[in-house]
Amino acid sequence: MAAEGAEHAGGSHSPMAQFEIKKIFDLHLGNYDVSFTNASLLMVIALAVISGFMIYAMRGRSLVPTRIQSIAEMLYEFIANMVRENLGKDGMTYFPWVFSIFIFILVLNLLGMIPGSFTVTSHIIVTFALAGMVWLTATLIGFAKHGVGYLKLFVPHGVPLLLMPVIVPIELISYFIRPISHSVRLFANMMAGHTMLKVFAGFAVMLPVWGKIAPVGFMVAFTGLEVVVAILQAFIFTVLTCIYLNDAVNMHH
Amino acid sequence: MFASITMLAAAAGEAAHEASKAGLPQLNPDTFVPQLFWLALTFLTLLFVMSKVALPRVGEVIGERSDRIKRDVDAAGRLKADTDKALADYEKALADARANASGIAKQTREKLSSETDAEKARAEKNISAKLAEAETRIAATKTKALTAVNDIAAETARAVVAKLVGHDVSLDDVKKVLQPVAGE
Chain S
8 MAAEGAEHAG
18 GSHSPMAQFE
28 IKKIFDLHLG
38 NYDVSFTNAS
48 LLMVIALAVI
58 SGFMIYAMRG
68 RSLVPTRIQS
78 IAEMLYEFIA
88 NMVRENLGKD
98 GMTYFPWVFS
108 IFIFILVLNL
118 LGMIPGSFTV
128 TSHIIVTFAL
138 AGMVWLTATL
148 IGFAKHGVGY
158 LKLFVPHGVP
168 LLLMPVIVPI
178 ELISYFIRPI
188 SHSVRLFANM
198 MAGHTMLKVF
208 AGFAVMLPVW
218 GKIAPVGFMV
228 AFTGLEVVVA
238 ILQAFIFTVL
248 TCIYLNDAVN
258 MHH
Chain V
5 MFASITMLAA
15 AAGEAAHEAS
25 KAGLPQLNPD
35 TFVPQLFWLA
45 LTFLTLLFVM
55 SKVALPRVGE
65 VIGERSDRIK
75 RDVDAAGRLK
85 ADTDKALADY
95 EKALADARAN
105 ASGIAKQTRE
115 KLSSETDAEK
125 ARAEKNISAK
135 LAEAETRIAA
145 TKTKALTAVN
155 DIAAETARAV
165 VAKLVGHDVS
175 LDDVKKVLQP
185 VAGE
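Now the structure itself:
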C-alpha cells in the first residue's frame, strides 16, 4: 500500500496521501458534483464483489452445501443470530438491512487492506452517513412503534425522582451522541491503522538496508492486526446497529 | 544507529508537517457530495440485491435444510413409535399365547384327573360289588357247611344210638333231638 500510495500521490510521502479523494471522471447532477472518484470505484467494486459472491455461492442451492456456499450461509447465520439475539424473532424484518450494513463495511474495510487500494470507511463522511442512517432509522422506528411513548427511553425505570433532572439530560445527550460515537469509532480505527502502516512504510523506505528489518517486521505484524481490526470494526458497527435498533423496537432498558 | 534514529525523527516530523499543511483529506467538504451520492447509490443497490435476491436464496436453502432435518427426525420418531407398537403387540401376543397354553394345560389336567376319579370310583364300586357277592357266597357256603355238619352229626348220632341201643332211630328224630344244640 505504501509504495504505490506514494506514487499515486505524486511523490508525496505524506501518510495522509492515501486518504485523498481522486476524481476518475467528472459527473454532474444538476448543480451537484457527483464525480466518480476512487472512493466511488471501491464502493462499486464492493457492491460487485458482495453481490457476485452471494449469488455465485448460492447458485447450487444444494442441501449439502459446497465450501463457498457454506461461507455464504455462515455469514447469513452469523448476522441472523445476532439480529435474533438482540431484536427477537420479529426483528428478522430488519435482517436484510443489518446484513447489508455488515457485509458492506466488512468488504470495504478488507478491500482497503489491499496495497494501493483505497479505504472508503476511513472517511468520516461515509461512516457518519451510515451511522446517521442507523440512528435516523432507529429513531423513526421508535416513534412509529411507540408514538410519544418512545420518549420514555430517556426516563429510565427505578431512578429516584430527585435524580431525574440529572439523568434525563444525560440520557438525551448519550442518545444524540450515538451517531457520532458510532461513526467516529469506525472512521478513527480505519484511519489510524492505515496511517500507522504508512508511517512505518516511510521509515522502511528511508532507512539503510540493515535498518529496514525492524519497520518491515513491524508492518508485517501490524498488517495482520489491521485485518483483525477491519473485521472487528465491521462487527462492532453491526452489533451497535442491532443494539440501537433494539432500543427502538423493544424499548427494553 | 544514532544516525538512523535522527533520520527517523526527521522523517516523522516532515510527514506530520506535510499532513498539517495539506489538511486531512477527510475534512475537505468538496469530496462530501460525490461520496454521499455514490454511497447512497451503492448501498441502496446492495440493500435491494441482498433483500430481494441473495438473502432469500440463502434463507430458503437453510429453511429447506432445517425442514428436511425436522421431517427426517419426525419420520424416524414415527418409525420408532411403530417399532415400539409392533414390539408391544408381539409381547402381548406372546403373553396371550402363554396364558392360553397354561389354560389349556390346566383344563387338560382337570379333565384327566376327573376321568381318573371316575375310573377309580367305578373300580371301587365294582370291587365292593364283587366283595358283597363274595361275602354272600361265603355266607351261603358257611350255612351249607353248617347244615352238612348237622347232617353228619345226626348220622353219627344215629349210628352211635343204633350201636348202643341196638335199634334204629329215624334220622328225623335224631335231628329233632339235636336241633336245639344246632340252634345254639
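Which chain is which? The protein sequence lines are S and V, in order. The first sequence finishes on residue 260 if you use the numbering used here, and the numbering steps up by one all the way, no holes. The second sequence finishes on residue 188 if you use the numbering used here, and the numbering steps up by one all the way, no holes. By construction, the Cβ of each residue, glycine as well, lies at the ideal position given by its N, Cα and C atoms.
Can you pull the chain S residues whose beta carbon is under 9 Å from the beta carbon of serine 55 of chain V, in chain order?
Translated into the one-based positions of the second sequence, residue 55 of chain V becomes position 51. Chain S residues near serine 55 of chain V: Phe102, Pro103, Trp104, Phe106, Ser107.
Taking all protein chains shown into account, decide if arginine 185 of chain S is buried (16 or more other Cβ within 10 angstroms of its Cβ) or exposed.
Looking up residue 185 of chain S in the first sequence gives position 178. Its Cβ being crowded by 16 or more others within 10 Å, arginine 185 of chain S is buried.
Any beta-carbon of chain S closer than 9 Å to the one on aspartate 34 of chain V?
In the second sequence, the residue the question calls residue 34 of chain V occupies position 30. True, the Cβ-Cβ gap to chain S drops below 9 Å.
Taking the alpha helix (DSSP H) that phenylalanine 106 of chain S belongs to, which residues open and close that run?
Position 99 of the first sequence, counted from the first residue, corresponds to residue 106 of chain S. It spans 102 to 119 - the alpha helix (DSSP H) in which phenylalanine 106 of chain S sits, taken as one unbroken run.
Does the beta-carbon distance from threonine 126 of chain S to glutamine 240 of chain S come in below 9 Å?
Against the first sequence, residue 126 of chain S aligns to sequence position 119. Against the first sequence, residue 240 of chain S aligns to sequence position 233. Taking 9 Å as the Cβ cut-off, threonine 126 of chain S and glutamine 240 of chain S do not qualify as a contacting pair.
Excluding the 5 residues flanking valine 297 of chain S on each side, which residues of the same chain have their C-beta closer than 8 Å to its C-beta?
Nothing in the structure corresponds to residue 297 of chain S, since chain S is present only between 8 and 260.
Rounded separation between tyrosine 101 of chain S and glycine 165 of chain S - CA only
Within the first sequence, residue 101 of chain S is the residue found at index 94, counting from 1. Within the first sequence, residue 165 of chain S is the residue found at index 158, counting from 1. When rounded, the distance between both Cα atoms is 31 Å.
Interface partners of phenylalanine 111 of chain S on chain V, CB under 7 Å
Indexing the first sequence from 1 puts residue 111 of chain S at position 104. In chain order: Phe47, Leu50.
Selection of the region 58 to 87 of chain V by Cβ proximity to chain S, strictly under 8 Å
Ala58, Leu59, Arg61, Val62, Gly63, Glu64, Val65, Ile66, Glu68, Arg69, Arg72
Cα-Cα separation between threonine 202 of chain S and alanine 53 of chain S, rounded to whole angstroms:
As a position in the first sequence, residue 202 of chain S is number 195, starting the count at 1. As a position in the first sequence, residue 53 of chain S is number 46, starting the count at 1. One C-alpha to the other measures close to 22 Å.
Counting only beta-carbon atoms, is alanine 145 of chain S nearer than 9 Å to chain V?
Taking the first residue of the first sequence as 1, we reach residue 145 of chain S at position 138. With 9 Å as the cut-off, alanine 145 of chain S does not count as an interface residue toward chain V.
Name the two residues that bound the continuous alpha helix (DSSP H) containing serine 207 of chain S.
The residue given as residue 207 of chain S occupies position 200 in the first sequence. Checking the displayed sequence, the identity of residue 207 of chain S turns out to be phenylalanine instead of serine. Run containing phenylalanine 207 of chain S: 171 to 213, per the alpha helix (DSSP H) assignment.
Identify each residue in the region 37 to 61 of chain S for which the Cβ-Cβ distance to at least one residue of chain V is less than 8 Å, and report them in chain order.
Tyr39, Asp40, Val41, Ser42, Phe43, Thr44, Ala46, Ser47, Met50, Val51, Ala53, Leu54, Ile57, Ser58, Met61
Do the region 78 to 95 of chain S and the region 238 to 257 of chain S make contact, defined as three or more Cβ pairs closer than 8 Å?
yes
Near histidine 189 of chain S, what residues of its chain come up, given a Cβ to Cβ distance below 6 Å and the 5 sequence neighbours on each side ignored?
If you number the first sequence from 1, residue 189 of chain S lands on position 182. Around histidine 189 of chain S: Ala138, Leu247.
Going by DSSP, what residue range makes up the alpha helix (DSSP H) through phenylalanine 32 of chain S?
For the purposes of this step, residue 32 of chain S is identified with residue 25 of the first sequence, where counting begins at 1. Taken as a continuous stretch (DSSP letters only), phenylalanine 32 of chain S belongs to no alpha helix (DSSP H), being part of the beta strand (DSSP E) at 30 to 32.
Would you verify that the beta carbon of arginine 74 of chain S is, or is not, closer than 9 Å to some beta carbon of chain V?
Here residue 74 of chain S corresponds to residue number 67 of the first sequence, with the count starting at 1. Answer no: the Cβ-Cβ gap between arginine 74 of chain S and chain V never drops below 9 Å.
Could you check whether the Cβ of phenylalanine 194 of chain S sits closer than 9 Å to any Cβ belonging to chain V?
Looking up residue 194 of chain S in the first sequence gives position 187. Closer than 9 Å to some Cβ of chain V, the Cβ of phenylalanine 194 of chain S qualifies, so yes.
Are the Cβ atoms of valine 65 of chain V and proline 72 of chain S separated by less than 9 Å?
Counting from one through the second sequence, the residue named residue 65 of chain V turns up at place 61. Counting from one through the first sequence, the residue named residue 72 of chain S turns up at place 65. Yes, Cβ-Cβ distance for valine 65 of chain V and proline 72 of chain S is below 9 Å.
Count the other CB atoms, across all protein chains shown, that sit within 10 Å of the CB of leucine 170 of chain S; report buried if there are 16 or more and exposed otherwise.
As a position in the first sequence, residue 170 of chain S is number 163, starting the count at 1. It counts as exposed.
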